[in-house]
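Residue numbers (the UniProt record's numbering), protein chains in the order written: chain A, 1 to 702; chain B, 1 to 483. Okay, structure first, notes after.
Take a look at the structure:
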């Protein structure tokens, strides 16, 4: 009713022409995370194929179906590929239903994108913000209407989140992290948001005012957060105001809700109970959404809708989708829920069930496939068995191989005859060279243990996991959650926001003794801590690699520390981790540990000195260094040389070493003991010296 | 629409609006994506959109050469059909338009050559469909067009190219008149004729829209495929074709009224009629009968794809939210109940139990196929089977635009599978994880289960449909995918 003039509130002269105001959308093609590694090392996530169609097609099709007229696509990773793909797609043709603009950015988080968008002033009115991996067929008409109606009444209603109702347990819902939305039943206002880890005590920390102000609230955990937000330009302003926000939920939503008392800005939830909406944000979701698409829950975005103009899928009985010129041997058996791309051939006696196979694949004889995802141009040798694995473009699997559940074979990997790829292994040919510029992708060294003799590829270790284990080890408690997850889910996966949360969680619950991160602190601080650690260690590492002046690094660190209010202990940890990373990096590049240590630490003494002054601090620094080195190649050697250097440079005093050595945390586990074994001699010598010099030291300190 | 600022979800109405300011290629692409996204679905919206689109295509065409125009329309048609092969109305309309162009071209040629319009081809009905069946297609869009069943034998056609004029002059008396021979069912030959000819009158010399009745000679005749040499300005081909397409649009507008004309011949007092889905055609038909007679309607709700529309139709009448109310001119009508008709809503499962009490089943198809079988909303097959069991006559109301020359070789492939969440909610995570749910949107009903088709040309038996196909579609156009 009387929609005229509603826009006048936000943009002055818009009131008259508002009817002509195009509906805009922002697609965040980047995920700023590594959950699809090893695949995302070589290809952007939005171009990965789901049911043989690139993910971005689903997203753009959804936007086109909602009547969007202008789309801005943010891409910062593999932008060339994204551009190349889109420039050849129908979305940039004359006939495209909307104008598409690709924005290259150097953002490292969603927050950066949003702030950049605000600066560019491209957004004129309300817009839809989605990720480049959304698969949805819901109609946004209702949500948009509600949003407009609310805006009219109250211009502080800045955002509407579209959430899909799903039951208690749902394959498409994230099981890793339960997202709880507390929604006012009457106004649909989201009044509180929290993420709860599974198997944690399901306790929400709902602020008192919420309970006081709202007569009726729904606490909902059964919602799929598909990342579709209808935002007003005000949202961008909010992002710009808080320069440290990164995640749309964890930071933005939380931040706005917290500031409600001050600014009265509200965020609403639109819960849809019809249609399909999900994000392919981890491998588990990839599996779930693929299955949803094949069993037509995403209708009409199903394979035989042939989203791409060159597709010719045709569905036949038993939910089998076949493209033209698929060759099936007479005795091969194509079971239900299978997709076969153009010119793919199946050999005699091959049985395929619940699988998606791309184009031009050659599947040998008597192959058994169940729940497999095979992309284009793969070859599978005779008598192989493939269960629930993802096999990327151009992979070749030899004869009599067994690829087990959750295995990921990245581009061009070749597996020799008779090899078994064990569960949840990530095999790749390339890896991302440690560095913040993700561009340096290098070929790794083939590991015959993984791919067999004559194969090509090695197992990829994830940084995320490494750091996870690190957290666990530090506390001396075996961290079991991840492995359990692996058991009950088909694929190992992590969730970007969840991940960070997890770190924070670990830190508080298990390492409260480590300085400032007390367990009684609010969730906000915990998150900040995790953020800080990531950011700080990465930036130091980056600077070390580029050989920046230590003073500058120090300055940067200080600024970062101020902005996130981090404690000294966190700074130490960040520095220790960064150094260890840098050394490991050098070692990998072929340097001996000794040289590596010399190169990394010597020019940057001041940096270390600044953060380790007292004896306790030195001990703690050593402890951090030790725990981080547990996972690095040649960790024990590195530790020895590092200790030596630190001692000779007088960065760590003998008492520091002694305290560290005696600290029970430094010998809490097998790995830790192993890593420090080689350093024992050095410590003994140092501590021995120390006794004699005791008096002097005392004098000095006074 | 409550707020004008809300950009509408694309649909038929927005599409028709956009046609005016978009260029042709954009419009075609847009229509293709709307078809793919199922934002335009069901026969009538598809047919309407196709006619509008082709009108623009022809209007924008510069070439005055008929054969090029045919080629162009054919190309467009092929793309449209490939986008959603199961919406056969699209293909039907494309074929009709192609027929119009060919006809104009011939007329032009005739006018140029000074040959008077000769009576159309002699038709020797070939009932056996086995005659020249084309090789089995590999995909659905190539579904074997009814070459054999079409009244023009292939060889005749082949020779036709060279010797058109010779046999054109043969006696046309063999040609059976359409409506007259079609009354296998107890009803009278319907009185559409008069109305129909009235409609056709202003069209003057190009009555392409529907091959008319006895008075006018249907201009169906085979034609050489090449017209390169006869682009004479005697007739403005473009204008004529546009006229023809507009007549098609008119036909789509009045098709329901025409079908409803014969309602009184089929519905008698105190009958109990069973119907299915929220079809506008059926409602119109029943409403027309209800003005004069009292009867009872048993309405199966067509769960899960159409039940909401069905409920709305029963309660409110008219049409809601099915994309057809935007036609503007169409008046909304009151529900049957307000006319004193008892309407009983039943679930689909109760059909068999009630069938023994039913006098007549009236259905509206999605598509009618050349052999007299049909595709209709899921549940139709059950109803037809139950009717067969109880010997209840099944009457199908279908506009000619739904009649497709496609022959159903693999009926499974014709059926579209929809969104299973209408059967089991997406929320039921555990259920959907373990159970495969399918939601077929259509049912295929064999021709032997249908007793009578009522088209806008009148009633006819399923076995006679091939004639209507032959009258409406050129053999050359039946297989659109062929070059």
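Yeah, the Cβ is synthetic: ideal placement off N, Cα and C, and Gly gets one too.
What whole-angstrom Cβ distance do residue 365/B and residue 451/B have, given they're in contact under 8 Å?
Position 365 of the second chain holds residue 365/B. Position 451 of the second chain holds residue 451/B. Actually they do not touch by this definition, with Cβ atoms about 14 Å apart.
Would you kindly check if the distance between the Cβ of residue 268/A and the Cβ of residue 710/A is under 9 Å?
Within the shown structure, residues of chain A are numbered from 1 to 702, placing residue 710/A beyond reach of any answer.
Under 9 Å between C-beta atoms of residue 138/A and residue 26/A
Counting from one through the first chain, the residue named residue 138/A turns up at place 138. Counting from one through the first chain, the residue named residue 26/A turns up at place 26. Not a contact, by the Cβ cut-off of 9 Å.
Could you check if residue 310/A is buried or exposed, using at least 16 other CB atoms within 10 Å of its CB as the buried criterion?
In the first chain, the residue the question calls residue 310/A occupies position 310. Residue 310/A comes out exposed.
Cβ-based neighbour list, residue 316/A, same chain, cut-off 8 Å, excluding 5 preceding and 5 following
Taking the first residue of the first chain as position 1, residue 316/A is located at position 316. Non-local beta-carbon contacts of residue 316/A in its own chain, meaning distances under 8 Å to residues more than five positions away in sequence, involve 322 in chain order.
Report the residues of the stretch 306 to 328 of chain A with a CB closer than 8 Å to any CB of chain B, ordered along the chain.
306, 307, 312, 314, 315, 316, 317, 319 and 324
Alpha carbon of residue 478/B to alpha carbon of residue 96/B, nearest angstrom:
The residue given as residue 478/B occupies position 478 in the second chain. The residue given as residue 96/B occupies position 96 in the second chain. So the alpha carbons of these two residues sit roughly 10 Å apart.
C-alpha gap between residue 343/B and residue 401/B, whole angstroms
On the second chain, residue 343/B is found 343 positions in, with the first residue counted as 1. On the second chain, residue 401/B is found 401 positions in, with the first residue counted as 1. Rounded to the nearest angstrom, the gap between the Cα atoms of residue 343/B and residue 401/B is 29 Å.
I need the straight-line Cα distance from residue 377/A to residue 398/A, nearest angstrom please.
As a working mapping, residue 377/A is identified with position 377 in the first chain. As a working mapping, residue 398/A is identified with position 398 in the first chain. So the two alpha carbons sit approximately 14 Å from each other.
Any chance you could list the alpha helix (DSSP H) runs of at least 4 consecutive residues sitting entirely within the stretch 191 to 279 of chain A, in chain order?
Fully enclosed alpha helix (DSSP H) runs of 4 or longer: 208 to 213, 233 to 241, 254 to 258 and 260 to 263.
Partner residues on chain B for residue 297/A, Cβ-Cβ distance less than 9 Å:
If you number the first chain from 1, residue 297/A lands on position 297. In chain order: 419, 420, 421, 426, 432 and 437.
For residue 479/B, go through chain A and note every residue whose CB falls closer than 9 Å to its CB, in chain order.
If you number the second chain from 1, residue 479/B lands on position 479. Chain A residues near residue 479/B: none, gap ~17 Å exceeds 9 Å.
DSSP three-state assignment for residue 96/B, whether helix, strand or coil:
Along the second chain, read from residue 1 onward, the residue named residue 96/B stands at position 96. Correct three-state label for residue 96/B: helix.
Continuous alpha helix (DSSP H) stretch holding residue 42/B: start and end
Start at 1 with the first residue of the second chain, and residue 42/B comes out as number 42. From DSSP, residue 42/B is part of no alpha helix (DSSP H); its letter is neither H nor E.
Short Cβ contact (9 Å threshold) for residue 417/A with residue 381/A
For this step, residue 417/A is matched to residue 417 along the first chain. For this step, residue 381/A is matched to residue 381 along the first chain. A contact, by the Cβ cut-off of 9 Å.
Determine, for residue 233/A, whether the minimum Cβ-Cβ distance to residues of chain B falls below 9 Å.
For this step, residue 233/A is matched to residue 233 along the first chain. No, its Cβ sits nowhere closer than 9 Å to a Cβ of chain B.
Using the Cβ count rule (16 or more neighbours within 10 Å means buried), how would you classify residue 633/A?
Here residue 633/A refers to the residue found at position 633 of the first chain. Exposed is the call here.
So, do the stretch 105 to 112 of chain A and the stretch 71 to 84 of chain A have three or more beta carbon pairs nearer to each other than 8 Å?
Between the stretch 105 to 112 of chain A and the stretch 71 to 84 of chain A there are three or more C-beta pairs closer than 8 Å, enough to call the two in contact.
One question on the structure: do residue 42/B and residue 296/A come within less than 9 Å of each other, judged by their Cβ atoms?
If you number the second chain from 1, residue 42/B lands on position 42. If you number the first chain from 1, residue 296/A lands on position 296. Cβ atoms of residue 42/B and residue 296/A: not closer than 9 Å.
Please determine, among 99/A, 621/A, 253/A and 348/A, the residue with the shortest C-alpha to C-alpha distance to residue 578/A.
Numbered from 1 along the first chain, position 578 holds the residue referred to as residue 578/A. For the residues 99/A, 621/A, 253/A and 348/A, the minimum Cα distance to residue 578/A belongs to 621/A.
Taking only the alpha-carbon atoms, compute the straight-line gap between residue 62/A and residue 312/A and give it to the nearest angstrom.
Your numbering for residue 62/A matches position 62 in the first chain. Your numbering for residue 312/A matches position 312 in the first chain. If you take the alpha carbons of residue 62/A and residue 312/A, they lie about 20 Å apart.
Taking all protein chains shown into account, decide if residue 338/A is buried (16 or more other Cβ within 10 angstroms of its Cβ) or exposed.
Against the first chain, residue 338/A aligns to sequence position 338. It counts as buried.
Taking 8 Å as the cut-off, does the CB of residue 304/A come closer than this to any heavy atom belonging to the ligand SAM?
Looking for the ligand SAM in the displayed structure turns up nothing, as the structure carries no ligands at all.
Residues from the stretch 36 to 59 of chain B in contact with chain A, defined by Cβ distance under 8 Å:
Cβ contacts with chain A: 36, 37, 38 and 39.
Can at least three beta-carbon pairs, one atom from the stretch 567 to 581 of chain A and one from the stretch 624 to 638 of chain A, be found at a separation below 8 Å?
yes
Go ahead and pull the three-state DSSP assignment for residue 36/A.
Taking the first residue of the first chain as position 1, residue 36/A is located at position 36. In this structure, residue 36/A counts as coil in the three-state DSSP scheme.
Output needed in chain order: residues of the stretch 63 to 93 of chain A with a Cβ under 8 Å from some Cβ in chain B.
64, 65, 66, 67, 68, 69, 90 and 93
Amino acids of chain B, ordered along the chain, whose beta-carbon sits closer than 7 Å to that of residue 248/A
Locating residue 248/A in the first chain gives position 248, where the first residue counts as 1. Residues of chain B passing the Cβ test: none, with the nearest at roughly 23 Å.
Determine whether the Cβ of residue 16/B lies closer than 9 Å to any Cβ atom of chain A.
Counting from 1 along the second chain, the entry for residue 16/B is found at position 16. It does not: the Cβ of residue 16/B has no partner Cβ on chain A nearer than 9 Å.
Got a sec: is the Cβ-Cβ distance from residue 158/B to anything in chain A below 9 Å?
The count along the second chain starts at 1 and reaches residue 158/B at position 158. Because the pLDDT at residue 158/B is just 42, under 50, the model does not fix this residue reliably, and the value given afterwards should be weighed accordingly. Judged by the 9 Å Cβ criterion, residue 158/B is not in contact with chain A.
Assign residue 369/A to buried or exposed, taking buried as 16 or more other Cβ atoms, counted over all protein chains shown, within 10 Å of its Cβ.
One-based indexing of the first chain puts residue 369/A at position 369. Buried, because 16 or more other Cβ atoms sit within 10 Å of the Cβ of residue 369/A.
From 16/B, 312/B, 94/B and 416/B, pick the residue whose C-alpha is nearest to that of residue 337/B; which is it?
Along the second chain, one-based indexing puts residue 337/B at 337. The residue with the shortest Cα to Cα distance from residue 337/B is 312/B.
Between residue 33/B and chain A, is there a C-beta pair that is closer than 9 Å?
As a working note, residue 33/B is residue 33 in the second chain. It does; some Cβ of chain A falls within 9 Å.
Could you name the residues that DSSP lists as bridge partners for residue 123/A?
Translated into the one-based positions of the first chain, residue 123/A becomes position 123. Paired residue(s): none; residue 123/A is not in a bridge.
For residue 559/A, is the classification buried or exposed, using 16 other Cβ atoms within 10 angstroms of its Cβ as the cut-off for buried?
Working through the first chain from its first residue, we reach residue 559/A at position 559. Counting other Cβ atoms within 10 Å of its Cβ, residue 559/A stays below 16 and is therefore classed as exposed.
Spatial distance of residue 98/A from residue 68/A (CA atoms)
Residue mapping note: residue 98/A aligns to position 98 of the first chain, counting from 1. Residue mapping note: residue 68/A aligns to position 68 of the first chain, counting from 1. Rounded to the nearest angstrom, the two C-alpha atoms are 7 Å apart.
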